[in-house]
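Chemist:
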DNA sequence: AAAAATAGTTAGGCTAACCAAACAATTTGA
DNA sequence: TCAAATTGTTTGGTTAGCCTAACTATTTTT
C-alpha cells in the first residue's frame, strides 16, 4: 500500500510525463511541481525505486514503471470521480473542488469507488472536462482543440479547460462560459489577436492566452471544414489540468 | 491544524471519557484503544499538552480541554455524516462503512461537510443509530435502553447498536434485525437467559450479550408512538458507539 | 574545449510517530 | 504496612519526509 506522499509523487510523474510527451523527466522539475526541494526528491526516488515504482539511475531521468503508472491512473480516477461528485451532487463550485479532491483521492476503498462511480452514472468526464479513466485504466480519448484554433464564424461546443487553477475557473465563470456551452467566433482582431465570441446572447472578447485554455469540439453544423492537422494530432493522454 | 494522528488521539479521548462517564482516563487504556504502546501515548501527550489539547501531568489522568473536545466532536460529526452518506446514498452495507469513514473523517473542508449535511437532509442519527452532533457540537440525545431491558410481552423499536464491529453488525443483519424494526419479547429462558423475540414474522432467540448491544425505544403498550421531535429533545452526551 | 550555468547528489539535521527495554511511581491486597 | 502487581515514564532507536549547505556531474555558451 502506498503512502499519500508516494501517491503524490507518482501522480506528479504521470502528469508531467504525459503532459510533456516525454516519458521521463528530471528531479528539479518534479521538485518544483511537488513544492519540495530537489534533495527531497532524490531521497524519495530511492525509496520509490526500492519499491519498484520508478526506474532511474543517478543523474539519469526518471520514469514510472508500468505498475506505478497503473496505480497513478487509479489515483487520477479517484480524483476525477470525487470532483464530479462534489460539483454535481453537492453543488460545490468547480474552482473549489480540486483541493478537496486532492484529499479524497487518497482514501483507500475499492468498494467505495465502485459505488461512487455507479452513483454518478459512470461518468467519463469530470467537471473540468478532463477524462475519467475506466477502472482498467483506459482513457476514452476524444481529440481535442482549443478555442484558439477556431476561425472566424466557426462554432464549437466547450468541452473542457486546460487550466484548473481557481483563478482561471472563476474567470471562466465570470465571462459566462461553462462546459457544454456553444461558442461562435465572430471575429479576431488583427492587431492584438483578441477573439470576439458569442456565447448564448452575450458577446465577449477573450485573449489568446485565455482561448488556449478552453477546449472545444467543432460543431459540424453548417460549413465546418477540417482546417489543418492540428485537429488530428493530440490524442493519447493529455492535458495540463489538475491531476 | 491537527494531524490525522492527533485527531485520532482526541477522538479516542472523547470516546473513552464519554463512555466511561469519567472525565479523565489513563495512558494504558488510551494506548490499548489506539493500538499503540503506552510509551507512544506518553510521548504524544506531551505534544498534545504543548498544543493545549489535553491537560495532564506526569502520572496523572488525562482529560481533553474544551477546545479539543469541540474539535473531537467535529471529527465525530464528520465520521457519522460520512457513514450516513456511504450507507444511504451509496448503499454500502453498514458493517463496511466504519473503516471508510475513518479515512474520510480526516478530510478538511467545512464547505464540503456543510454541503454533505444538506445533501443528506441534516440527519441526526447515523446508520448505527448513533447521534450526529450539530455543527455547534450539540447532541440531541434520546434516552436509550437496550433490548435486554425489555420484559416479556413488551415491544420496542430498534434505534441503534452499541457495538459497531463488522462481526457484530453482520450478525445483526443475519438475525434479521435492522434500524427501525419492531421487536416484541415473547419470552425469556430462566435457565440461560436467552431472549425469544419476534421481529416481523420471524421468531428468534438471542443472548443477553447480544441484547445488551441492541438499543431500543419502548413502544407504549398496544399502540405506536409517532416519531416526532418531542422525543429528540433532551441533552447531555451519549453513547458508546463508534467514534 | 574551457568556463559558466544548470541539474542532481550527498551529508548532516530536523520533526512526527512509532517501538522495546529499563526504570519509577502508584495502587492493591495480604 | 509493605511487597507485589499494575501503571506510567524515560531512554535510545527506527522510519518517513522534509530541509540546507556543500559538492559533483552534465549541459550550454562562448
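Protein chains in written order, with our numbering: chain F, 7 to 249; chain Z, 7 to 249. No residue lacks a Cβ here, since even glycine has one placed at the ideal position from N, Cα and C. Note that the coordinates shown come from a computational prediction; the quantities given were computed from them, not determined experimentally.
1) I'd like to know if residue 96(Z) contacts chain F, where contact means its C-beta is closer than 8 angstroms to some C-beta of that chain.
2) Helix, strand or coil, according to DSSP, for residue 161(F) in the structure here?
3) List the residues that DSSP assigns as beta-bridge partners of residue 188(F).
4) Going straight from the alpha carbon of residue 108(F) to that of residue 81(Z), what length do you get?
5) Evaluate the contact criterion for the segment 68-83 of chain F versus the segment 98-112 of chain Z: three or more CB pairs, one atom per stretch, below 8 angstroms.
6) Cβ closer than 8 angstroms: which chain F residues qualify as neighbours of residue 36(Z)?
7) Can you give me the Cβ contacts of residue 175(Z) inside the same chain, cut-off strictly under 6 angstroms, excluding the 5 residues immediately before and after it?
8) Between 220(F), 67(F) and 77(F), which has its C-alpha nearest residue 7(F)'s C-alpha?
9) Within a Cβ cutoff of 8 angstroms, which residues of the same chain sit near residue 218(F), ignoring the five residues on either side of it in sequence?
10) Under the assumption that residue 211(Z) contacts residue 220(Z) (Cβ atoms under 8 angstroms), give the Cβ distance between them as a whole number of angstroms.
11) Compute the Euclidean distance between the alpha carbons of residue 19(Z) and residue 184(Z), then round it to the nearest angstrom.
12) I'd like the list of long-range same chain contacts for residue 43(F), defined as Cβ closer than 8 angstroms, with 5 residues on each side in sequence excluded.
13) How would you list, in chain order, the residues of chain F whose beta-carbon sits under 8 angstroms from the beta-carbon of residue 114(Z)?
14) Does residue 102(F) get closer than 8 angstroms to chain Z when you measure Cβ to Cβ?
15) What's the C-alpha gap between residue 195(F) and residue 205(F)?
16) List the residues of chain Z whose Cβ lies closer than 8 angstroms to the Cβ of residue 118(F), in chain order.
17) With 8 angstroms as the threshold, decide whether the Cβ of residue 228(F) is near any Cβ in chain Z.
18) Return the first residue and the last residue of the beta strand (DSSP E) that residue 202(F) is part of.
19) Assuming residue 224(F) is part of the beta strand (DSSP E), what are its boundary residues?
20) Could you name the residues of the segment 119-151 of chain F whose beta carbon sits closer than 7 angstroms to any beta carbon of chain Z, in the order they occur along the chain?
21) Compare the beta carbon distance of residue 122(F) and residue 126(Z) with 8 angstroms and say whether it is the shorter of the two.
22) Distance, Cα to Cα, residue 132(F) vs residue 136(Z)?
23) Taking 8 angstroms as the CB-CB limit, is residue 243(F) close to chain Z?
24) Would you kindly check if the distance between the Cβ of residue 163(Z) and the Cβ of residue 142(Z) is under 8 angstroms?
25) Tell me which residues share the same chain as residue 47(Z) and place their Cβ nearer than 6 angstroms to its Cβ, disregarding the 5 neighbours each side in the sequence.
26) Is it buried or exposed, residue 229(Z), if we count other Cβ atoms within 10 angstroms and call 16 or more buried?
27) Classify residue 103(Z) as helix, strand or coil using the three-state DSSP reduction.
28) Based on the DSSP secondary-structure assignment, which residues constitute the bridge partners of residue 208(Z)?
29) Check whether the Cβ atoms of residue 191(Z) and residue 158(Z) lie closer than 8 angstroms to each other.
30) Under a Cβ-count criterion, where at least 16 other Cβ atoms within 10 Å of its own Cβ denotes burial, should residue 216(Z) be classed as buried or exposed?
31) With DSSP as the reference, label residue 151(Z) as helix, strand or coil.
32) Excluding sequence positions up to five away, which residues of its chain have a Cβ less than 7 angstroms from the Cβ of residue 119(F)?
33) From 64(Z), 223(Z) and 51(Z), pick the residue whose C-alpha is nearest to that of residue 160(Z); which is it?
34) Within the same chain, show all residues whose beta-carbon is closer than 7 angstroms to that of residue 58(F), passing over the 5 residues directly before and after it, in chain order.
35) Below 8 angstroms on the Cβ atoms is my guess for residue 62(Z) versus residue 55(Z); work out the distance and round it to an integer in Å.
Modeler: If we stick to the structure as given:
1) Along the second chain, one-based indexing puts residue 96(Z) at 90. Closer than 8 angstroms to some Cβ of chain F, the Cβ of residue 96(Z) qualifies, so yes.
2) Working through the first chain from its first residue, we reach residue 161(F) at position 155. Of the three classes helix, strand and coil, the one that applies to residue 161(F) here is strand, per DSSP.
3) By 1-based counting over the first chain, the position of residue 188(F) is 182. Looking at the DSSP assignment, residue 188(F) forms a beta bridge with 163(F).
4) Here residue 108(F) corresponds to residue number 102 of the first chain, with the count starting at 1. Here residue 81(Z) corresponds to residue number 75 of the second chain, with the count starting at 1. Whole-angstrom Cα-Cα distance: 19 angstroms.
5) no
6) Counted from its first residue, the second chain places residue 36(Z) at position 30. Those do not exist, as residue 36(Z) stays about 25 angstroms from chain F at its closest Cβ, beyond 8 angstroms.
7) Counting from 1 along the second chain, the entry for residue 175(Z) is found at position 169. Excluding residues within five positions, the ones whose Cβ falls inside 6 angstroms are 100 and 101.
8) Mapped onto the first chain, residue 7(F) falls at position 1. Cα-wise, what sits closest to residue 7(F) is 77(F).
9) Residue mapping note: residue 218(F) aligns to position 212 of the first chain, counting from 1. Here the set comprises 152, 153, 154 and 168.
10) As a first step, residue 211(Z) must be located in the second chain, where it is residue number 205. As a first step, residue 220(Z) must be located in the second chain, where it is residue number 214. Actually they do not touch by this definition, with Cβ atoms about 13 angstroms apart.
11) By 1-based counting over the second chain, the position of residue 19(Z) is 13. By 1-based counting over the second chain, the position of residue 184(Z) is 178. Their Cα atoms are separated by approximately 29 angstroms.
12) Within the first chain, numbered from 1, the residue matching residue 43(F) stands at position 37. Within the same chain, residue 43(F) has close Cβ partners 37.
13) In the second chain, the residue the question calls residue 114(Z) occupies position 108. Correct list: 109.
14) Taking the first residue of the first chain as position 1, residue 102(F) is located at position 96. For residue 102(F), the answer is yes, since a Cβ of chain Z falls inside 8 angstroms of its Cβ.
15) On the first chain, position 189 is the one that residue 195(F) refers to. On the first chain, position 199 is the one that residue 205(F) refers to. C-alpha separation (whole angstroms): 18 angstroms.
16) To locate residue 118(F), count along the first chain from 1; it is residue 112. In chain order: 92, 96, 98 and 106.
17) By one-based count along the first chain, residue 228(F) stands at place 222. For residue 228(F), the pLDDT reaches just 44, beneath the cut-off of 50, and the residue's location in the model is therefore unreliable, although a value from the coordinates is still provided. No, its Cβ sits nowhere closer than 8 angstroms to a Cβ of chain Z.
18) Counted from its first residue, the first chain places residue 202(F) at position 196. Its beta strand (DSSP E) spans residues 201-205.
19) By 1-based counting over the first chain, the position of residue 224(F) is 218. Residue 224(F) -> beta strand (DSSP E) spans 220-224.
20) 121, 122 and 125
21) For this step, residue 122(F) is matched to residue 116 along the first chain. For this step, residue 126(Z) is matched to residue 120 along the second chain. Result no, Cβ atoms of residue 122(F) and residue 126(Z) do not sit closer than 8 angstroms.
22) Here the question's residue 132(F) lines up with position 126 in the first chain. Here the question's residue 136(Z) lines up with position 130 in the second chain. Going by the C-alpha atoms only, they are around 34 angstroms apart.
23) Sequence index remark: in the first chain, residue 243(F) carries index 237 (1-based). Note on residue 243(F): pLDDT 41, under 50, position unreliable in the model; no value is reported.
24) Walking along the second chain from the start, residue 142(Z) turns up at place 136. Walking along the second chain from the start, residue 163(Z) turns up at place 157. The answer is no: Cβ separation not under 8 angstroms.
25) Position 41 of the second chain, counted from the first residue, corresponds to residue 47(Z). Hits under 6 angstroms: 33, 36 and 37.
26) Within the second chain, the letter at position 223 stands for residue 229(Z). Residue placement at residue 229(Z) is poorly supported in this model, since its pLDDT is 43, which falls under 50; the coordinates are not used for a value here.
27) Here the question's residue 103(Z) lines up with position 97 in the second chain. The answer is helix: DSSP assigns residue 103(Z) an H, G or I state.
28) Position 202 of the second chain, counting from 1, holds the residue named residue 208(Z). Per DSSP, 205(Z).
29) Position 185 of the second chain, counting from 1, holds the residue named residue 191(Z). Position 152 of the second chain, counting from 1, holds the residue named residue 158(Z). Yes. Within cutoff.
30) Your numbering for residue 216(Z) matches position 210 in the second chain. Buried, since its Cβ has 16 or more Cβ neighbours within 10 Å.
31) Position 145 of the second chain holds residue 151(Z). Three-state DSSP puts residue 151(Z) in a strand.
32) Locating residue 119(F) in the first chain gives position 113, where the first residue counts as 1. For residue 119(F), where only same-chain residues beyond five positions count, the Cβ hits under 7 angstroms are 84 and 87.
33) One-based indexing of the second chain puts residue 160(Z) at position 154. Checking every option, the nearest Cα to that of residue 160(Z) belongs to 223(Z).
34) By one-based count along the first chain, residue 58(F) stands at place 52. Excluding residues within five positions, the ones whose Cβ falls inside 7 angstroms are 71 and 73.
35) Taking the second chain and counting its residues from 1, the one referred to as residue 62(Z) is at position 56. Taking the second chain and counting its residues from 1, the one referred to as residue 55(Z) is at position 49. Indeed they touch by this definition, with Cβ atoms about 6 angstroms apart.
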